[in-house]
Structure formats: structure tokens, C-alpha cells
Amino acid sequence: MYGRQKILAGALALLGASTLGAAANEKVTFGTNWLAEPEHGGYYQAVADGTYAACGLDVTISQGGPQVSGRPLLLAGKLDFYMGGNLLSAFDAVQQGIPMRVVAADFQKDPQVIMSQPGQGLDKWEDLKNADQYILGDEGAQTFFQWMVTELGFDAAKRVPYTFNPAPFIANKKSIQQGYVTSEPFAVQKAGGFLPNQFLLADYGWETYATTVEVMQDTIDKRPEVVQCFVDGSAKGWYNYLYGDNKAANDMIKKDNPDMTDEQIAFSIEQLKKFGVVDSGDSEKLGIGAMTDARIQSFYDKMVKAKVAQPGIDIKKAYTLAFINKGVGLELKK
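Going by UniProt numbering, the first residue of the sequence shown is number 1, and it counts up by one from there.
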């Protein structure tokens with residue numbers, strides 16, 4: 001009888017441990033800044049393959065879109081983590097006294113690209129300023145274009161609005177147009193029948209990090225283990241998405257965003273790899289998500305010079321390196 005009681009007690013202990021383990025998976029929500037797409041693939045991968053769950057998180061991805069303002073939801077506590085675009089929003093948060101920090105940068109390069117048509121005298125980066133027309137959106141005109149004007153000599157008078165339609169660019173062979181390297185070149189190829197020249201701004205001095213993970217300081221202070229789990233899980237998710245079996249993640253992306261096609265997904269992933277958007281430079285030694293003080297300072301100085309960012313901001317309040325640069329996930333690269 002004693003032996004049976006001992007076995008029963010052991011079984012109950014195991015059951016209790018299992019129940020506690022399941023309960024320990026803390027529910028958190030990550031808000032993306034656009035509709036589900038391969039540019040979010042690492043996060044979907046980490047959900048799909050259980051990477052977040054393995055370190056104790058039950059992650060829900062709340063997709064953004066044209067009608068969703070994600071950052072206010074982070075500030076209001078409705079999101080635990082938010083996908084930032086680049087570092088400018090983090091600098092702005094410091095200036096406004098908002099206690100928000102970037103804890104990882106899952107894109108080493110901003111995917112922002114300038115496109116031109118081949119064989120029109122606009123085949124080199126230094127030729128682009130000679131285009132008849134610069135087709136740029138309002139946000140781009142207020143940020144990276146100011147840097148292009150100040151540092152590279154582009155003519156501000158040549159800018160015309162980008163309406164997220166490739167037709168004006170296709171029609172005007174002497175124009176250039178902004179876009180994301182993962183999407184607009186694909187749209188031009190489909191609509192215009194040619195693959196445009198692509199100049200990734202990151203390769204010409206636009207050195208912001210992108211697809212940042214933004215967190216409120218209160219979360220860092222009270223739940224540092226949750227932040228570490230999310231940062232590590234995301235890094236591993238990106239390695240597995242880029243270099244492993246990403247079918248389950250892509251199925252989740254298509255479920256959230258039914259307009260996403262297999263052809264677009266394949267193009268985007270290939271572009272992410274080809275241009276080293278996620279994994280290049282510092283991430284090759286420090287792991288995906290890497291950031292350095294020197295690079296952030298350099299970008300800030302350029303933005304001050306271009307009058308995009310205000311001088312005198314204590315940019316050390318915009319980010320922390322405490323959760324990154326540890327080589328997490330490097331062994332998953334194939």
C-alpha cells in the first residue's frame with residue numbers, strides 16, 4: 001500500500017508541476033505596425049513553433065494596419081510590446097518624456113529603398129539626384145528625404161507625393177520612387193513587367209535600425225524576465241524563419257492577412273536575405289536583434305544635422321542593450 005501511495009503522490013506531484021508549468025506561461029500581446037506579412041515572419045515563427053512558449057510566454061500577435069494606431073495602445077498598457085519602424089520614434093519619445101525604450105532591433109537595415117528604371121541614366125546611386133521627379137510619401141519626405149537633401153544634395157523641389165500606386169513611376173521613366181525592398185519592387189515587376197533598380201538607403205548611410213521592439217520602462221522594471229524571453233524568442237524565431245521550415249508561420253500570416261500570396265511571401269523572404277535586412281553586420285557576431293551605442297549615436301547626429309531630430313536629446317533613455325548582443329540563436333543559422 002505504501003508503495004502505491006508513493007507512486008500516487010509522485011504522479012500528483014508531476015501533474016501539479018505540469019499544471020504550474022502551463023499556468024506559468026504569461027499572456028502577452030505584441031502589436032505589429034502593419035498587416036501580417038513576411039517582414040513579421042520571425043514573430044509568427046516563434047509563436048508557431050513554440051519558441052516563446054518554451055521560455056514561458058503565451059504570445060498573441062495583434063496586427064496593425066491603416067486604421068490601427070499601435071503605439072498609443074502600448075502607452076495605454078493594451079500592448080506589452082510594439083513593433084517600431086525606426087529609431088526616430090524612440091528619440092521623439094524621450095523628447096516628450098514618454099518612458100518607452102527599444103530593447104532589440106530585429107532589422108539591422110531599414111528596408112527603405114529608392115527605385116529607378118534600368119537604362120535611363122539612373123543606374124547608380126550618385127545618378128539618382130538627377131531624376132526628373134522624386135516620388136515620396138509624406139513620412140519619407142519628412143525623414144529620410146531630409147537627410148538625402150542635406151547630406152547627399154537631392155533637390156527638394158523635385159519631390160511629388162507617393163500614393164502607394166506604382167503607375168506614375170512606371171509611366172515616368174526618369175522618375176525615382178520610394179518603397180520597401182520587400183514589396184514595391186515586386187509590385188512594379190507585376191504591374192510594369194520589369195524589375196527596377198533598387199538602392200537600399202541603409203547601404204548608403206541611412207543607418208537607423210528598424211523593426212524595433214518597443215517596451216514601456218515599467219515592463220522592463222517589473223517583468224525583466226518577460227522582456228528577455230520575448231527578445232530571445234524573437235531572435236530564434238527570425239533564425240528559424242529565414243533558415244528553417246517556415247511553412248507554419250507563413251500559414252499564420254496568410255490566415256491573418258488573406259491578401260498575402262505565396263509568391264509575395266517568397267519574394268519578400270528572398271529580398272530580406274539578399275539585402276541582409278535582418279541578419280548582417282553586428283548581428284553576425286552578436287545575434288539578431290543587435291544594437292550598438294556607436295551606431296545609434298551616429299544616426300542621431302545625422303538626424304540632428306538634417307533637422308529631423310532635435311539636438312540635446314538624452315538618447316541613452318531611448319534604448320537599452322541589456323537584453324541583446326548575447327549571440328542568442330546563432331547556432332540556428334544554417
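Built from N, CA and C at the ideal position, the CB exists for glycine as well.
Same chain, Cβ closer than 6 Å to residue i, neighbours up to 5 away in sequence not counted
{"i": "asparagine 202", "result": "Residue identity check: residue 202 is alanine in the sequence provided, not asparagine. Answer for alanine 202: Lys109, Asp110, listed in chain order."}
{"i": "asparagine 325", "result": "Leu286, Ala290"}
{"i": "threonine 208", "result": "Asn86, Leu87, Asp110, Phe299"}
{"i": "lysine 334", "result": "Tyr243"}
{"i": "methionine 100", "result": "Ala93, Glu214, Met216"}
{"i": "valine 149", "result": "Ala156"}
{"i": "glutamine 177", "result": "Met115, Ile135, Phe169"}
Where the alpha helix (DSSP H) through residue i begins and ends
{"i": "tyrosine 180", "result": "Premise fails: tyrosine 180 lies in the beta strand (DSSP E), 175–180, not in any alpha helix (DSSP H)."}
{"i": "valine 304", "result": "293–305"}
{"i": "aspartate 232", "result": "224–243"}
{"i": "asparagine 250", "result": "247–256"}
{"i": "lysine 274", "result": "262–274"}
{"i": "glutamine 310", "result": "Element bounds for glutamine 310: n/a, residue is neither H nor E."}
{"i": "lysine 190", "result": "184–192"}
{"i": "alanine 167", "result": "167–171"}
Straight-line gap, residue i to residue j (C-alpha atoms, nearest Å)
{"i": "glycine 121", "j": "leucine 152", "result": "18 Å"}
{"i": "glycine 123", "j": "tyrosine 44", "result": "Here residue 123 is aspartate; the residue named in the question, glycine, does not match the sequence. Approximately 36 Å, taken between the alpha carbons."}
{"i": "lysine 222", "j": "methionine 83", "result": "20 Å"}
{"i": "lysine 173", "j": "leucine 321", "result": "45 Å"}
{"i": "valine 68", "j": "threonine 32", "result": "10 Å"}
{"i": "alanine 22", "j": "glycine 193", "result": "Confidence is the limiting factor: at alanine 22 the pLDDT is only 40, short of 50, which leaves the residue's position unreliable, though a coordinate-based value still follows. Cα to Cα, alanine 22 sits roughly 52 Å from glycine 193."}
{"i": "aspartate 301", "j": "arginine 295", "result": "10 Å"}
{"i": "valine 328", "j": "threonine 292", "result": "16 Å"}
{"i": "glycine 287", "j": "glutamate 331", "result": "10 Å"}
{"i": "glutamine 217", "j": "leucine 195", "result": "44 Å"}
{"i": "leucine 79", "j": "glycine 65", "result": "15 Å"}
{"i": "leucine 242", "j": "isoleucine 253", "result": "15 Å"}
{"i": "valine 304", "j": "leucine 128", "result": "24 Å"}
{"i": "lysine 251", "j": "aspartate 314", "result": "Looking at the sequence provided, one finds aspartate at residue 251 rather than lysine. About 42 Å."}
{"i": "isoleucine 98", "j": "alanine 48", "result": "33 Å"}
N- and C-terminal bounds of the beta strand (DSSP E) containing residue i
{"i": "glutamate 214", "result": "210–216"}
{"i": "leucine 200", "result": "197–200"}
Residues of its chain near residue i, where Cβ-Cβ distance is below 7 Å and the 5 sequence neighbours each way are ignored
{"i": "phenylalanine 323", "result": "Val103, Ala104, Val227, Gln228, Val231"}
{"i": "phenylalanine 186", "result": "Gln264, Phe267"}
{"i": "tryptophan 125", "result": "Phe199, Tyr204"}
Neighbourhood of residue i by C-beta, 8 Å cutoff - its chain only, sequence neighbours within 5 removed
{"i": "threonine 51", "result": "Gln45, Gly233, Lys236, Gly237, Asn240"}
Neighbour flag for residue i against chain B, beta carbons, 7 Å
{"i": "glutamine 63", "result": "Of the protein chains in the structure, only one exists, and it is not chain B."}
Coil, strand or helix - residue i by DSSP
{"i": "proline 161", "result": "strand"}
{"i": "isoleucine 324", "result": "coil"}
{"i": "glycine 140", "result": "helix"}
{"i": "alanine 22", "result": "With a pLDDT of only 40 at alanine 22, under 50, the local geometry of the prediction cannot be trusted, and no value is derived from it."}
{"i": "isoleucine 220", "result": "helix"}
{"i": "phenylalanine 30", "result": "strand"}
{"i": "residue 337", "result": "It is not possible to answer for residue 337, since the shown part of the chain is limited to 1 through 334."}
Check: Which runs of the alpha helix (DSSP H) spanning at least 4 residues fall entirely within the segment 45–131, listed in chain order?
Finding: 51–54, 70–75, 88–95
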